[in-house]
Amino acid sequence: LTTKEVAEIYSISEQEAERELKKRMLQQKIERLSNENITLWRLK
Numbered sequence: 012l013t014t015k016e017v018a019e020i021y022s023i024s025e026q027e028a029e030r031e032l033k034k035r036m037l038q039q040k041i042e043r044l045s046n047e048n049i050t051l052w053r054l055k
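The sequence shown begins at 12 in the numbering used here and counts up one residue at a time.
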């Protein structure tokens with residue numbers, strides 16, 4: 012999923028979604044995959 016999709020699903024801003032996703036990444040629950048202009052997140 013993209014950060015924007017996560018934000019839409021949970022009805023929060025993209026900034027809040029990014030912050031929460033980074034927290035989960037530090038807990039090693041999800042992985043961050045970056046392209047040129049898009050960031051994707053997936054479960055580990």
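Each residue gets a CB set at the ideal place from its N, CA and C atoms; glycine is no exception. The structure displayed is predicted, hence computed values, not measured ones.
Answer with yes or no whether the minimum CB distance from residue 38 to chain B is below 8 Å. You won't find chain B in this structure, because it holds only one protein chain.
Three-way DSSP call (helix, strand, coil) for residue 58 in this model: In the structure displayed, the chain extends from 12 to 55; residue 58 sits before or after that span and is not available.
Am I right that residue 13 and residue 44 are in contact with their C-beta atoms under 8 Å? What's the rounded C-beta distance? Not a contact, Cβ separation roughly 10 Å.
Would you call residue 37 buried or exposed, if buried means 16 or more other Cβ atoms sit within 10 Å of its Cβ? Using a 10 angstroms sphere on the CB of residue 37, the tally of other CB atoms stays under 16, which defines it as exposed.
Excluding five sequence neighbours on each side, which residues of the same chain lie with their C-beta closer than 8 Å to the C-beta of residue 27? Residues of the same chain with a CB within less than 8 Å of the CB of residue 27, apart from the 5 flanking positions on each side, are 18 in chain order.
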